[in-house]
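Q: In my numbering, the protein residues as written are 84 to 215.
The beta carbon of each residue, even a glycine, is placed where N, CA and C say it ideally should be.
Before we start, here is the structure in question, set down as structure tokens.
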Amino acid sequence: GSMPYVVEQFRWNKWVYVGEVQGVGTEGEHNYKFQVTALHSGENKFRIKQMGYQTKYSAEIKIVSSTPRCIFSVSKNSKQIDFTCGTLYEVYDFYGTIVKKGWGKELDFSTLNKGSYYLCFDNTVTELTRHK
Numbered sequence: 084g085s086m087p088y089v090v091e092q093f094r095w096n097k098w099v100y101v102g103e104v105q106g107v108g109t110e111g112e113h114n115y116k117f118q119v120t121a122l123h124s125g126e127n128k129f130r131i132k133q134m135g136y137q138t139k140y141s142a143e144i145k146i147v148s149s150t151p152r153c154i155f156s157v158s159k160n161s162k163q164i165d166f167t168c169g170t171l172y173e174v175y176d177f178y179g180t181i182v183k184k185g186w187g188k189e190l191d192f193s194t195l196n197k198g199s200y201y202l203c204f205d206n207t208v209t210e211l212t213r214h215k
């Protein structure tokens, strides 16, 4: 039967879903294409996962991006994080729960409670603290 091929990217020390292509579902050799739009700076690793009775994984595919490294700064009032480039980001609380995620050059930090968080962006994972 027709089963999806899931494209995953190794980002922030884990495999992250990027998208999928529906398989034809018949015997024989088939060609599929998938356009990746979210390369981060440096080495990018991808793999294909086929779901079904048994989950199968492809070998890793590596692409080195010439995109400059993205860095961040926290505003003086600790209400916003600014990135030097547009980037995917995720913010985790101390317990590993995602509290913010998205794409952009700015991240509204004002709605988060005081405490420690993990900020994942570009190909970086860093810890930060909200004081106010």
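Are at least three pairs of beta-carbons, each pair with one atom in the stretch 143-162 and one in the stretch 120-129, less than 8 Å apart?
A: The way I'd put it, the stretch 143-162 does touch the stretch 120-129; three or more beta-carbon pairs between them come closer than 8 Å.
Q: Could you say which of N206, V147, Q163, W186 lies nearest to H214 if we only look at CA atoms?
A: Q163
Q: Can you give the Cα-Cα distance for K197 and L190, rounded to whole angstroms?
A: 16 Å
Q: Distance check for K183 and N114, CA to CA, integer angstroms please.
A: 37 Å
Q: On the premise that F166 lies in contact with F204, defined as a C-beta separation below 8 Å, what is that separation, rounded to the nearest angstrom?
A: 6 Å
Q: Return the chain-ordered list of same chain residues with a C-beta closer than 8 Å to the C-beta of K139, the five sequence neighbours on each side being excluded.
A: K132, Q133
Q: Of the choices R130, N96, N206, S158, whose alpha-carbon is the least far from that of Y88?
A: R130
Q: Between the Cα of S161 and the Cα atoms of T209, L195, V104, which residue gives the shortest distance?
A: L195
Q: Return the residue from the list K116, K159, F93, N96 that minimises the CA-CA distance to V104.
A: K116
Q: Ignoring anything shorter than 4 residues, give me the alpha helix (DSSP H) runs that lie fully in the stretch 106-131, in order along the chain.
A: none
Q: Just the C-alpha distance for G135 and S193, rounded to the nearest angstrom, thanks.
A: 43 Å
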